[in-house]
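Encoded as structure tokens, the structure appears first; notes follow it.
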Amino acid sequence: MTNQVATPLYNKLSAAFESRNAADLTPLREAAFAKFKAKGFPSVKEEDWRFTSLVPYLDVDFSVTAEAAGDAGIQQAVDAAAIEGLEAYRLVVVNGRIHSGLSVLPEPDEMHIGPLQEVINTDAFRAHFEAEDHTGGNSFTQLNTAFFTDGVYIEVPKNVSIEKPVHIIHVNTASVPTLFHPRQVIVVNRSAGAVFLETSVSLHPKQAMFFNNVLQVIVKENGECTHYRIQDNAPGERWVHHTQVTQHRTSRYSNYTFSLPGADLIRNNLELKLDGTATESHLYGLYLAAGNQLTDNHTAIEHIHPACQSTEHYKGVLLDNARAVFNGKVFVQREAQQTNAYQQNNNLLISDKATVYAKPQLEIFADDVKCSHGCTIGQFNNESLFYLQSRGIGEESARKLLVEAFMFDVTDKIEHEPIREHLQELIHQKMTAAMAAGA
Amino acid sequence: MLVIKDLHASIDGKEILKGINLTVNAGEVHAIMGPNGSGKSSLASVLAGRENYEVTGGEVWLDGKNVLDMKPEERAREGVFLAFQYPVEIPGVSNINFLKTALGEIRQHHGLPPLSAKEFLAMTREKQKLVEFDAKLANRSLNEGFSGGEKKRNEVFQLAMLQPKLSILDETDSGLDIDALRIVSNGVNKLRSKDNAFVLITHYQRLLDYIVPDVVHVLYNGRIVRSGTKELALELEDKGYDWLKEELRVSESIQ
Chain A
1 MTNQVATPLY NKLSAAFESR NAADLTPLRE AAFAKFKAKG FPSVKEEDWR FTSLVPYLDV
61 DFSVTAEAAG DAGIQQAVDA AAIEGLEAYR LVVVNGRIHS GLSVLPEPDE MHIGPLQEVI
121 NTDAFRAHFE AEDHTGGNSF TQLNTAFFTD GVYIEVPKNV SIEKPVHIIH VNTASVPTLF
181 HPRQVIVVNR SAGAVFLETS VSLHPKQAMF FNNVLQVIVK ENGECTHYRI QDNAPGERWV
241 HHTQVTQHRT SRYSNYTFSL PGADLIRNNL ELKLDGTATE SHLYGLYLAA GNQLTDNHTA
301 IEHIHPACQS TEHYKGVLLD NARAVFNGKV FVQREAQQTN AYQQNNNLLI SDKATVYAKP
361 QLEIFADDVK CSHGCTIGQF NNESLFYLQS RGIGEESARK LLVEAFMFDV TDKIEHEPIR
421 EHLQELIHQK MTAAMAAGA
Chain B
1 MLVIKDLHAS IDGKEILKGI NLTVNAGEVH AIMGPNGSGK SSLASVLAGR ENYEVTGGEV
61 WLDGKNVLDM KPEERAREGV FLAFQYPVEI PGVSNINFLK TALGEIRQHH GLPPLSAKEF
121 LAMTREKQKL VEFDAKLANR SLNEGFSGGE KKRNEVFQLA MLQPKLSILD ETDSGLDIDA
181 LRIVSNGVNK LRSKDNAFVL ITHYQRLLDY IVPDVVHVLY NGRIVRSGTK ELALELEDKG
241 YDWLKEELRV SESIQ
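As given, the protein sequences belong to chains A and B, one line each in that order.
The UniProt record's numbering numbers the first residue of the first sequence as 1 and each following residue consecutively.
The UniProt record's numbering numbers the first residue of the second sequence as 1 and each following residue consecutively.
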């Protein structure tokens, strides 16, 4: 109990857990909740939360029981979430539950999609879930395991490669401040391939909402998974995203995390365990933060076996009073020879009041490796600005052009053209709005 | 077209321009020469509106409009173009999109609709040919990885695209090999008309073999100390600047 942030929420959660339906209290949940109880919410005394104090974000009388969703407004929200020009399947998840009526899914023999609850007690699932679950130690994931309802389970059968992306639209219908625990598991089997895009939308924006989301991804031997997440959230929202990826040998995983101004807090934990030889991983991130927003990206890549390759490039632009944290851990174990690990983090501060805490962290125990990391924090280049202005481009447009240019080497990596265009448009809009508000 | 009256400017509290007087009419080409540190590039920067210069006195008029009141982008839209001595590299901004944006804003300022994609493309092709600018470069990031000569040619390509009234070329010739110099000069000569004007800031008389000026000025110690025809440039080439400095010192001590 020494480290915890004591909040009324903690007591509320305890009460809610005690009063749960006995059928729901699996040993897994009980064990998880016991761990959460022992530790509580993380505090700034923990290294991983040093710059992100949760106190102001948890200090709300959140409801801890999700209300049942009516259908009003969901259809419109889902339609509005579609990305122009992107041909995609659509998986609608309302308050953590799959909404079959609004979803447009691949054939079941191409992809199994169902509630996590349905499979969680099967021996087959438990065998690999427990083997792959190394999310221990993080009280948010424990809390999620204790409380998630339904959840989403996606499995791509072996040798099936689906080119059309699956757009997962998370819809939140709560009309009062609520603490949610959405949970997803994605398994890409041997030599299978799939593309996922996650976005979220709230029907009642501008109220305090806390999302404690956990996603586990398992990419089996020679499988390939591309995963985009666009965090275009509403003010008042607080997000803690835990994404746990396990890669088996010769698998490929690409993660794109785009955080835009909006939510009060975004904390992304992205952890990759490279549990096989010759894997390939790409982590690309963009964070654009404005207002009083705090955007915190913690990534960790664990090289355990030889000949794995990971590249990571995160870029951030901060306006107003925004704060950002980037912490990039790369572990290279003794066995992991011929590792190729590259990490880069660049930050552009547009306001005098914005702050960024950047911490690359490499721990290398093998001796035949290529690893590099770089980190920069800079401001607008006035010479570039003047150059653009001297050609007739207005100052505001010039600043926007330069921000887009700064982000270009990440946006350029987006393989799906409509997603890239959508993101560039979002960045443009958000910059315009932030600059208008700041002016 | 351009009238500069007793222009004073300083940077970091140090006075660099100490009373410049200059009149450039439409259709004219003026060359401004002078030794290092005489204020040539500062004059170009002040005219284009570079932020770190403080104008402490004087006036600058472009066709009756007060240039010193305008932001850099407003000057550009009114027709002032500075070809940079050291063009900046901006990775991630495509050369073509940059020009499209710039041209769009300039046209909007003059109440003109944006060019259609087709018109813009046609114009790009024509101007590329005019200044012998490689189409491959036009599609790359702005100046990124360009050689010195390619950057200077890109400046002239931009000049051709934006069609300014007054072009100031700040040492566009320095660092160019003879072929590049010929290409840049040919470009400028083709762009000359009775409606526009050029101010060539140069250290070397060589440029003036290719672009023949109407007037040559010598800038020294923040002032224009002599103006003449193109023969003045030849004289400077022969004798260097020392004799001029000497003469000035003598005349100042007499005063």
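Heads up, the beta-carbon is just placed ideally off N, CA and C, and yes, glycines get one too.
Computed from a prediction, not measured in an experiment: that's the story for all the values here.
Quick check on this structure: which residue in B:116, B:29, B:53 has the alpha carbon closest to the alpha carbon of residue 12 (chain B)?
B:53
Is the shortest distance between the beta-carbon of residue 76 (chain B) and the beta-carbons of chain A less than 7 Å?
Closer than 7 Å: yes.
Cα-Cα separation, residue 110 (chain B) to residue 203 (chain B)
35 Å
Report the rounded CA-to-CA distance for residue 174 (chain A) versus residue 258 (chain A), giving the unit in angstroms.
Between residue 174 (chain A) and residue 258 (chain A), the C-alpha separation is close to 24 Å.
Does the region 341 to 350 of chain A touch the region 312 to 321 of chain A, meaning 3 or more C-beta pairs lie closer than 8 Å?
yes
Quick check: what's the CA-CA separation for residue 375 (chain A) versus residue 355 (chain A)?
Going by the C-alpha atoms only, they are around 15 Å apart.
Tell me whether residue 247 (chain B) is buried or exposed, calling it buried when 16 or more other Cβ atoms sit within 10 Å of its Cβ.
exposed
Which runs of the beta strand (DSSP E) at least 3 residues long sit entirely within the region 183 to 233 of chain B? Give them in chain order.
Complete beta strand (DSSP E) runs here, min 3: 197 to 201, 215 to 220, 223 to 228.
Are the Cβ atoms of residue 93 (chain B) and residue 383 (chain A) separated by less than 7 Å?
no
Let me see if you follow: with CB-CB separation under 7 Å, is residue 101 (chain B) close to chain A or not?
yes
Can you tell me whether DSSP reads residue 445 (chain A) as helix, strand or coil?
In the structure as shown, chain A starts at 1 and stops at 439, and residue 445 (chain A) therefore has no counterpart that could be examined.
Beta-carbon spacing of residue 341 (chain A), residue 371 (chain A) below 7 Å:
yes
How long is the line joining the alpha carbons of residue 408 (chain A) and residue 421 (chain A), rounded to whole angstroms?
12 Å
Under 8 Å, CB to CB, which of the residues in the region 155 to 178 of chain B have a partner in chain A?
158, 162
Apply the 10 Å Cβ neighbour rule to residue 98 (chain B) and answer buried if 16 or more other Cβ atoms are within range, or exposed otherwise.
Burial is judged here by how many other beta carbons sit within 10 angstroms of a residue's own beta carbon; residue 98 (chain B) has at least 16 and is buried.
At a CB-CB cut-off below 7 Å, which residues of chain A make contact with residue 82 (chain B)?
390
Please state if the CB of residue 232 (chain A) and the CB of residue 260 (chain A) are separated by a distance shorter than 7 Å.
yes
Would you identify the three-state DSSP class for residue 347 (chain A), choosing helix, strand or coil?
Secondary structure at residue 347 (chain A): strand, using DSSP grouped into helix, strand and coil.
Residue 120 (chain A) - DSSP class collapsed to helix/strand/coil:
coil
Does any residue of chain B have a CB that is nearer than 7 Å to the CB of residue 401 (chain A)?
yes
Chain-order list of residues whose beta-carbon lies under 6 Å from that of residue 142 (chain B) (same chain, five-residue window excluded)
90, 93, 95, 98
Determine the DSSP secondary structure at residue 2 (chain A), reduced to helix, strand or coil.
Below a pLDDT of 50, predicted positions are generally treated as unreliable, and residue 2 (chain A), at 44, falls in that range; the measurement from the model is reported next regardless. In the structure shown, residue 2 (chain A) sits in coil (DSSP, three-state: anything other than H, G, I, E or B).
Residue-level contact to chain A via CB, residue 106 (chain B), 7 Å cutoff:
It does; some Cβ of chain A falls within 7 Å.
Below 8 Å CB to CB, which residues in the same chain sit around residue 84 (chain A) once its five sequence neighbours on both sides are set aside?
Cβ-Cβ distances below 8 Å link residue 84 (chain A) to 418, 421, 422 in the same chain, with the five nearest sequence neighbours on each side left out; the list follows chain order.
Residue-chain proximity (residue 48 (chain B), chain A), Cβ-Cβ < 7 Å
yes
Residues of the region 393 to 418 of chain A in Cβ contact with chain B at a cutoff of 9 Å, in chain order, please.
For the region 393 to 418 of chain A, residues whose beta-carbon sits nearer than 9 Å to a beta-carbon of chain B comprise 393, 394, 395, 397, 398, 401, 402, 404, 405, 406, 407, 408, 409, 411, 412.
Inter-residue CB distance, residue 178 (chain A) and residue 62 (chain A) (contact presumed, cutoff 8 Å):
The pair is a contact, with the Cβ atoms about 6 Å apart (cut-off 8 Å).
Classify residue 251 (chain B): buried if its beta carbon has 16 or more other beta carbons within 10 angstroms, exposed otherwise.
exposed
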